[in-house]
Structures are given as structure tokens and as C-alpha cells.
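Enquirer:
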Amino acid sequence: MVRITGPLIIVLSLLLSFGGLAAPHDNLPHIRVCGDAIDWPPYTYVLNDKARGYDVDILEEVFTKQGLSYDITMTSWSRCLRGAKNGEFDLALSASFNVRRDKDYLYTDWYYAITPHYVYSTERFPDGLVISNVKDLAQYRVCGNHGYNYSDFQLSNITRVGHSVHDCLEQVRQGKCDIYLNWAEILHAIKEMWGIDLITDELVSVAVPEMKPHKFYMLISRKLEQRHELKQYLDQHLRTIRQQE
């Protein structure tokens, strides 16, 4: 049994709230959605061959229950981004902001924020790390996931070393990376939902000091003819979600 508390309670509370919003635009087509199938719970993940998570519950509220149709493909994040850019998909879920993406896609309003963390090994750094802000991380070999956007960390020396959290943490254990960047909510959900505690033995996960939570958005394909109508519609609903928090 999957148990998610915070985000899902918010979504369930929106059922009556959405009834007071304007009706969906008549010309919105069937929406082709994509999400990251690897390591992004509780927002998007696959369970029993079906897409699950906070994002999916939002889609049910803003599309299905409002008379609009959609389908969702769970794939690698790189393919999801590529497909939304070239028009294979109309909407990509759970994306952070950067200037380049803003040129390739139409951003919705943000709808959740998560806590930036860094992970290191006490085998390599038995006395820990003295980090007062994100700039202090620049002196280390910093690693991240392929296809992920780390612009909110404001670091220029991030090396992509793996497609999953597990792969990247193995690089830290082996000493090929000093630090791995991720987010507290993702690491916690992997443990709580899948029973996989990736932060074990010598690994330590710490919040980046003096750094605000990172905001996440949906990306609308610029190939979609009704992209501006879809943005207007989604923004209205996503703002309502934030107001419920």
C-alpha cells in the first residue's frame, strides 16, 4: 500500500474548490503528457505499471474531472524533455527553471517546491564538510544526474555521472565524486514508498544552508497550437493548489 500524506491531501481538498473555477476552454485537445519514470517520487513514479504520484492526482483533477482527456507516458527525463520540445508530448511534469528551457518550452506557474540537499561520504570526509552556503560547494567535485537541471544551485562545476540516484551515490561511495546534489523530499520518498534507504552506511545528506526551496513547474510544448490556452487554464488551477497549502 502506497501512503503519501502532504501533497495528496492538498489535491483531494481541491475537488470542491475547482468547481468554482471557469470551465475549461472548449478548444483544448487531448493532452499527451510525459513524466520521469526514474527516481522522482512522490511527484511522479511507476507502480504496478501505472503512473502514480502527486502530479498524476493533479492531472486527474484539472483534466479528467473537468471533462478534458489526457494520457501519460513515463519514460526517462531526457526523452520526456526531448519529446516535449519536438511535439511528441504536449506537457512535461515536474521541471525546474532555467533560461534555455524557457526558450524551448512554455512554463506554467510553479506548483510545488522542494529542499535542496547535498550528499557526501564520511569515509572520505570523516570530519564532515564546513558549508555555510552553496558557494562553498564549488571547491569540491560535485555530481548530478544526466538530464537534470541544476541551475537553481548556481554552480558551474556539476558533472553528470548517472541516470538514477543509486548510480550517482555509487560514484560518491567510490570516491569519483565528493558531493552529489539532490532534494530532501525525493530521497525521503524513495525510502518511505519503496523501502529503499539510499542514505546508509557512510553517506550523509544535508540541506544546503541559506538556500530557498527550489520551485517546480510543468513545461508546455511550443509545438502545441493551443499552448497559450493550456497555460492559462493550468496556471489558474495551479495557483489554486498553492493557495490550499
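The numbers in the sequence shown follow this note's numbering, run straight up by one, and end at 245. Think of the CB as a built atom: it goes at the ideal place given N, C-alpha and C, for glycine as much as any other residue. Given the structure is predicted, the values throughout are model-derived calculations rather than measurements.
Who are the near neighbours of Leu-16 in its chain, counting only those whose CB is closer than 6 Å to its CB and skipping five residues on each side?
Expert: For Leu-16, the predicted model reports a pLDDT of 41, less than 50, meaning its position is unreliable; a value from the coordinates is still stated below. The answer is none, since no qualifying residue turns up.
Enquirer: Below 6 Å CB to CB, which residues in the same chain sit around Asp-39 once its five sequence neighbours on both sides are set aside?
Expert: Cβ within range, chain order: Ser-164 and Val-165.
Enquirer: So does the stretch 56–70 actually touch the stretch 114–121, counting three or more Cβ pairs closer than 8 Å?
Expert: The answer is no - the stretch 114–121 does not touch the stretch 56–70, with fewer than three Cβ pairs under 8 Å.
Enquirer: Which one or two residues does DSSP pair with Asp-71 in a beta bridge?
Expert: DSSP output for Asp-71 lists Arg-32 as bridge partner(s).
Enquirer: Assign Leu-47 to buried or exposed, taking buried as 16 or more other Cβ atoms, counted over all protein chains shown, within 10 Å of its Cβ.
Expert: Exposed: under 16 other Cβ atoms inside 10 Å.
Enquirer: Provide the residue(s) that pair with Ile-179 in DSSP beta bridges, ordered along the chain.
Expert: DSSP lists Val-142 as partners of Ile-179.
Enquirer: If you measure between the beta carbons of Pro-209 and Ile-131, is that distance less than 8 Å?
Expert: Closer than 8 Å, so yes.
Enquirer: The beta strand (DSSP E) with Gly-112 in it runs from where to where?
Expert: The question names Gly, but residue 112 in the sequence shown is Tyr. Element bounds for Tyr-112: 112–114.
Enquirer: Would you call the stretch 213–227 and the stretch 92–100 in contact, with 3 or more CB pairs under 8 Å?
Expert: With the cut-off at 8 Å, the stretch 213–227 and the stretch 92–100 touch.
Enquirer: At the 8 Å Cβ level, is Asn-149 part of the contact set with chain B, yes or no?
Expert: In the structure shown, chain B does not exist; there is a single protein chain.
Enquirer: For Leu-261, which residues from the same chain have a beta carbon less than 6 Å from its beta carbon, with the 5 sequence-adjacent residues on both sides left out?
Expert: The structure shown has nothing for residue 261, since the chain only spans 1 to 245.
Enquirer: If you follow the alpha helix (DSSP H) that Val-172 is part of, which residue opens it and which one closes it?
Expert: 165–173 is the extent of the alpha helix (DSSP H) around Val-172.
Enquirer: Buried or exposed: Asn-98, going by 16 or more other Cβ atoms within 10 Å of its Cβ?
Expert: Its Cβ having fewer than 16 others within 10 Å, Asn-98 is exposed.
Enquirer: Since Leu-28 and Tyr-233 are thought to touch, with beta carbons under 8 Å apart, how far apart are those beta carbons, to the nearest angstrom?
Expert: Right, their Cβ atoms sit about 7 Å apart.
Enquirer: Since Val-99 is in the alpha helix (DSSP H), which residue starts that stretch and which ends it?
Expert: It spans 99–104 - the alpha helix (DSSP H) in which Val-99 sits, taken as one unbroken run.
Enquirer: Looking at the strands, I want to know which residues DSSP matches up with Ile-38.
Expert: None, per the DSSP bridge assignment.
Enquirer: Taking the alpha-carbon positions, what's the Ile-175 to Arg-124 distance?
Expert: Note on identity: in this sequence residue 175 is Gly, with Ile being the wrong assignment. Using only the alpha carbons, I get a separation of about 7 Å.
Enquirer: Got a sec? Which residues, its chain only, sit under 7 Å from Asp-55 by beta carbon, not counting five neighbours each side?
Expert: These residues qualify, in order along the chain: Gly-35, Tyr-43, Thr-44, Leu-93 and Ser-94.
Enquirer: Please list, in chain order, all residues of the same chain as Met-74 whose beta carbon is under 6 Å from its beta carbon, the five residues on each side excluded.
Expert: Only Gly-35, Ala-37, Val-46 and Ala-51 meet the Cβ criterion.
Enquirer: Roughly how many angstroms separate the alpha carbons of Gly-128 and Thr-200, rounded to a whole number?
Expert: So the alpha carbons of these two residues sit roughly 15 Å apart.
Enquirer: Consult DSSP for Tyr-233 and reduce its assignment to one of helix, strand or coil.
Expert: Reduced to three states, the DSSP call for Tyr-233 is helix.
Enquirer: Assuming the contact rule is C-beta atoms closer than 8 Å, Arg-173 and Ser-121 should be a hit. Round their C-beta distance to whole Å, please.
Expert: Yes, they are in contact, since the Cβ atoms of Arg-173 and Ser-121 sit about 6 Å apart, within 8 Å.
Enquirer: How long is the line joining the alpha carbons of Tyr-140 and Gly-83, rounded to whole angstroms?
Expert: Answer to the nearest angstrom: the Cα atoms are 34 Å apart.
Enquirer: Measure the beta-carbon distance from Lys-135 to Tyr-105 and round it to whole angstroms, keeping in mind my assumption that it falls under 8 Å.
Expert: At roughly 29 Å, the Cβ-Cβ gap does not stay under 8 Å, so Lys-135 and Tyr-105 are not in contact.
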